[in-house]
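UniProt numbering puts the first residue of the sequence shown at 1, with every later residue one more than the last.
Every residue, glycine too, gets a C-beta built ideally from N, C-alpha and C.
As the structure is a prediction and not an experimental result, all values here were calculated from the model.
One structure below.
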Amino acid sequence: MKAKNSLNRELVVESALRIVDASGLEALTVRKVADEFGVTPMALYWHFSNKEALLDAVGDAVVAGMGLPDPDLGLEGYLRDAMTALVDAMREHPHATPLVPHRLLMVEAGRDLTEMTLRKLVDEGFAIDKAAAVAHYALMMSMTLVVGEPGKETTVKPADRDEALAAKMSLLQSLPEDSYPLLRAAAPSMVNCADSDDYYGSAIDIFVAGVMAEARALATS
């Protein structure tokens, strides 16, 4: 429990983020954060008007922790590094990841990343509406990779994860081999990610390759 006189906005957000990291978004309540400081929930309303405002601040904290790529990179390198920066920030707080799309443009780091991504795409011949779509695809793919990483899916409560993974493995391995030989063979990879860096890196490479193919097509059209 923290001292009452230590209560401030930054520490409240840190406390909320720890709760989300440990137990998921659904576990976050104003009362639970207040309990960490030994105060009543009303004390937090000096800093946040309601739980939604606190959730917004948690999302902002995740976005603010994101690194920015070198702006001198070309489209291919910049897009790869931008997605990697998004993924890295969200991997630090996977259970807070669903907050990121709504808050990305509310934080300077997110606006800067998006503006430069749009600039790189437009400079390569993408119309602004197409560039906006590609930037959104990159964000949503990055988020989906994090919340759906095999073995770390955020839809499963941390306390229930081992049981859920065992049940998934049991189900896949019990499938009839004559009907689902490849699903059975792929079961370990579908249940647990053996190499997280390869999982993210390969997915980002595939996405970037598709964008670059479109850029080349635009250049010759």
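Is the CB-CB distance between Leu99 and Gly59 below 7 angstroms? As a first step, residue 99 is located in the sequence shown; it is residue number 99 there, counting from the start. As a first step, residue 59 is located in the sequence shown; it is residue number 59 there, counting from the start. Contact: yes.
Are the CB atoms of Ala187 and Gln173 within a distance shorter than 7 angstroms? Counted from its first residue, the sequence shown places residue 173 at position 173. Counted from its first residue, the sequence shown places residue 187 at position 187. Cβ atoms of Gln173 and Ala187: closer than 7 angstroms.
Measure from the alpha carbon of Asp35 to the alpha carbon of each residue in Ser49, Asn50 and Ile19, then state which is nearest. Within the sequence shown, residue 35 is the residue found at index 35, counting from 1. Of the listed residues, the one whose Cα sits closest to Asp35 is Ile19.
Cβ-based burial, Ser221 [other Cβ within 10 Å; buried from 16]: Residue 221 sits at position 221 when you count from the first residue of the sequence shown. Exposed, since its Cβ has fewer than 16 Cβ neighbours within 10 Å.
Rank Glu115, Gly67, Ala167 and Cys193 by C-alpha distance to the C-alpha of Thr148 and give the top, closest one. Position 148 of the sequence shown, counting from 1, holds the residue named residue 148. The amino acid at residue 148 is misidentified as Thr; the sequence shows Gly. Closest by alpha carbon: Cys193.
Roughly how many angstroms lie between the CA atoms of Met66 and Gly74, to the nearest whole one? Position 66 of the sequence shown holds residue 66. Position 74 of the sequence shown holds residue 74. One alpha carbon belongs to Met66, the other to Gly74, and they sit about 20 angstroms apart.
Taking 7 angstroms as the cut-off, decide whether the C-beta atoms of Leu113 and Leu145 are in contact. For the purposes of this step, residue 113 is identified with residue 113 of the sequence shown, where counting begins at 1. For the purposes of this step, residue 145 is identified with residue 145 of the sequence shown, where counting begins at 1. The answer is no: Cβ separation not under 7 angstroms.
Along the alpha helix (DSSP H) that carries residue 237, what are the first and last residues, could you check? What the structure shows of the chain is the stretch from 1 to 221, and residue 237 is not part of that stretch, so it cannot be assessed.
Among Met143, Arg184, Arg31 and Asp205, the one whose alpha carbon lies nearest that of Val63: Translated into positions along the sequence shown, residue 63 becomes position 63. Closest option to Val63, Cα to Cα, is Met143.
Same chain, Cβ closer than 6 angstroms to Met42, neighbours up to 5 away in sequence not counted: Numbered from 1 along the sequence shown, position 42 holds the residue referred to as residue 42. There are no such residues.
What are the start and end residues of the alpha helix (DSSP H) that includes Pro101? One-based indexing of the sequence shown puts residue 101 at position 101. Pro101 -> alpha helix (DSSP H) spans Val100 to Arg103.
Could you check the C-alpha separation between Tyr199 and Arg31 for me, to the nearest Å? For this step, residue 199 is matched to residue 199 along the sequence shown. For this step, residue 31 is matched to residue 31 along the sequence shown. Answer to the nearest angstrom: the Cα atoms are 38 angstroms apart.
Expected contact under 8 angstroms - CB spacing of Tyr78 and Met106 to nearest Å: Locating residue 78 in the sequence shown gives position 78, counting from the first residue. Locating residue 106 in the sequence shown gives position 106, counting from the first residue. So it is not a contact: roughly 22 angstroms between Cβ atoms.
CA-to-CA distance, Asn50 to Thr29, given in whole angstroms: Residue numbering aside, residue 29 sits at position 29 when the sequence shown is read from its first letter. Residue numbering aside, residue 50 sits at position 50 when the sequence shown is read from its first letter. Rounded to whole angstroms, Thr29 to Asn50 spans 10 angstroms at the Cα level.
Which residues bound the alpha helix (DSSP H) around Asp60? What you label residue 60 is simply residue 60 of the sequence shown in a count that begins at 1. Residues Lys51 to Ala64.
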